[in-house]
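Engineer: Residue numbers (the working numbering): 230 to 477.
We put the CB at the ideal spot given by N, CA and C, even for glycine.
One structure follows; several queries about it will come next.
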Amino acid sequence: MRKKMIAGNWKMNKTPKEAVELVKLLKDKVNTKESDVVFCVPAIDILPVVEELKGTDIMVGAQNMHYEDKGAFTGELSADMLIESGVSHVIIGHSERRAYNGETDETVNKKLKKAIEKKITAIVCVGENLDERESGKAIDVVKGQVCADFKDISKDDAKKIVIAYEPLWAIGTGKTATAEQAEEVCGAIRNIIKEIYDEKTADEIIILYGGSVNGKNAAQLFAQADIDGGLVGGASLKEEFAQIVNYK
Ligand code: PGA
230 MRKKMIAGNW
240 KMNKTPKEAV
250 ELVKLLKDKV
260 NTKESDVVFC
270 VPAIDILPVV
280 EELKGTDIMV
290 GAQNMHYEDK
300 GAFTGELSAD
310 MLIESGVSHV
320 IIGHSERRAY
330 NGETDETVNK
340 KLKKAIEKKI
350 TAIVCVGENL
360 DERESGKAID
370 VVKGQVCADF
380 KDISKDDAKK
390 IVIAYEPLWA
400 IGTGKTATAE
410 QAEEVCGAIR
420 NIIKEIYDEK
430 TADEIIILYG
440 GSVNGKNAAQ
450 LFAQADIDGG
460 LVGGASLKEE
470 FAQIVNYK
């Protein structure tokens with residue numbers, strides 16, 4: 230039985246003080262018994278958020294990480310820096326980083342390997358854009374990304390990675406994929422994992438849906454057989470996030 234995971238992606242929102250205020254608002258409202266709950270916060274907010282979450286089961290994630298251990302990479306953060314700061318999860322290959330920061334399947338693959346080596350749980354994002362969806366290529370595009378992102382990763386390691394299916398046309402647009410559309414692709418991703426590895430790995434891997442998840446649509450999305458929870462952007466910055474976590 231796969232445990233549900235609900236992760237908030239705060240993106241570039243909340244100063245350290247505002248971050249602590251949001252955590253104070255949410256921490257006693259989210260039910261961490263039934264789902265793993267992760268707040269993926271801006272790097273500068275990690276230390277104060279970790280401090281504020283002490284004594285709770287809510288986990289803290291970063292939104293990016295470098296694939297090298299250290300060195301001349303101005304502005305970057307290493308896995309060791311994140312781990313020592315209390316981070317357990319890291320989003321890798323979000324479509325915004327692919328679009329604006331030169332992230333490619335090749336760098337995603339290197340980062341996933343580093344995350345595995347350092348035992349930090351990666352949440353890798355894949356998804357098609359509107360043109361690709363409208364021309365019927367959604368599943369092919371996602372397959373290409375999954376195959377490239379998981380290249381040379383063993384099956385024991387693959388199941389430690391969380392996959393987030395995030396169709397680009399649904400991110401921040403208020404236009405959610407229907408539960409059927411989301412399930413179709415999440416099911417296809419599970420099948421791709423089965424083809425690359427085996428049925429057991431496909432059964433165990435956690436697959437999230439992301440893209441305009443809100444308090445109203447969460448229950449229907451998360452009830453789908455192959456959707457193990459959500460990666461939530463806009464609605465993770467409000468009290469509504471508790472409603473999403475406590476969707477049942
Ligand atoms: P959204 O963002 O929930 O605001 O659509 C999701 C994401 O980008 O992870």
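1. Taking the C-alpha atoms as reference points, what is the distance between A406 and V355?
2. Return yes when the C-beta of C415 is under 8 Å from any heavy atom of the ligand PGA, and no when it is not.
3. Taking all protein chains shown into account, do 16 or more other C-beta atoms lie within 10 angstroms of the C-beta of S364, making it buried, or fewer, making it exposed?
4. If you draw a straight line from the alpha carbon of D298 to that of Q472, how long is it in whole angstroms?
5. Shortest alpha-carbon distance to E346 belongs to which of I422, W239, D360 and I312?
6. Tell me whether S383 is buried or exposed, calling it buried when 16 or more other Cβ atoms sit within 10 Å of its Cβ.
7. Could you check which residue in G439, V337 and L450 has the C-alpha nearest to that of H295?
8. Please classify Y329: does DSSP put it in a helix, a strand, or coil?
9. Please list the segments of the beta strand (DSSP E) lying wholly inside the segment 337–399, counting only runs of 3 or more residues, in order along the chain.
10. The beta strand (DSSP E) spanning I312 covers which residue range?
11. Let me check you understand the geometry: is the CB of V337 closer than 8 Å to at least one non-hydrogen atom of the ligand PGA?
12. One question on the structure: do I392 and V353 come within less than 9 Å of each other, judged by their Cβ atoms?
13. Rounded to a whole number of angstroms, what is the C-alpha to C-alpha distance between I263 and G290?
14. Quick one: what does DSSP say V289 is sitting in, helix, strand or coil?
15. What does a CB cutoff of less than 8 Å around A454 pick up in its chain, not counting 5 residues either side in sequence?
16. So is D378 buried or exposed if we call it buried at 16+ other beta carbons inside 10 Å?
17. With DSSP as the reference, please indicate the residues paired to F268 in a beta bridge.
Structural biologist: Per the coordinate set shown:
1. Position 177 of the sequence shown, counting from 1, holds the residue named residue 406. Position 126 of the sequence shown, counting from 1, holds the residue named residue 355. Using only the alpha carbons, I get a separation of about 14 Å.
2. On the sequence shown, position 186 is the one that residue 415 refers to. It does not: the Cβ of C415 is nowhere closer than 8 Å to a heavy atom of the ligand PGA.
3. As a working note, residue 364 is residue 135 in the sequence shown. By the Cβ-count criterion, S364 is exposed, with fewer than 16 other Cβ atoms from all chains shown falling within 10 Å of its own Cβ.
4. Looking up residue 298 in the sequence shown gives position 69. Looking up residue 472 in the sequence shown gives position 243. Rounded to the nearest angstrom, the two C-alpha atoms are 38 Å apart.
5. Taking the first residue of the sequence shown as position 1, residue 346 is located at position 117. The option with the nearest alpha carbon to E346 is I312.
6. Residue numbering aside, residue 383 sits at position 154 when the sequence shown is read from its first letter. Around the beta carbon of S383, a 10 Å sphere encloses fewer than 16 other beta carbons of the protein chains shown; the residue is thus reported as exposed.
7. Indexing the sequence shown from 1 puts residue 295 at position 66. If we check each option's Cα against that of H295, V337 comes out closest.
8. One-based indexing of the sequence shown puts residue 329 at position 100. Here Y329 sits in helix by DSSP.
9. When DSSP assignments are scanned along the segment 337–399, the uninterrupted stretches of beta strand (DSSP E) that are 3 or more residues long and fall wholly within it turn out to be 350–355 and 391–394.
10. Numbered from its first residue, the sequence shown carries residue 312 at position 83. Residue range A308 to E313 is occupied by the alpha helix (DSSP H) that includes I312, with no beta strand (DSSP E) assigned at that position.
11. Position 108 of the sequence shown, counted from the start, is the residue given in the question as residue 337. No, Cβ of V337 sits at least 8 Å from all heavy atoms of the ligand PGA.
12. As a working mapping, residue 392 is identified with position 163 in the sequence shown. As a working mapping, residue 353 is identified with position 124 in the sequence shown. Contact: yes.
13. In the sequence shown, residue 263 corresponds to position 34, counting from 1. In the sequence shown, residue 290 corresponds to position 61, counting from 1. It is worth fixing the name first, because residue 263 is Glu in this sequence and not Ile. The straight-line gap from Cα to Cα measures roughly 19 Å.
14. On the sequence shown, position 60 is the one that residue 289 refers to. Assigned with DSSP and collapsed to three states, V289 falls in strand.
15. Counting from one through the sequence shown, the residue named residue 454 turns up at place 225. Counting only Cβ-Cβ distances below 8 Å, and skipping sequence neighbours, we find E412 and G416.
16. To locate residue 378, count along the sequence shown from 1; it is residue 149. Residue environment: D378 is assigned as buried (16 or more neighbouring CB atoms within 10 Å of its CB, all protein chains considered).
17. Within the sequence shown, the letter at position 39 stands for residue 268. F268 pairs with G237 and V289.
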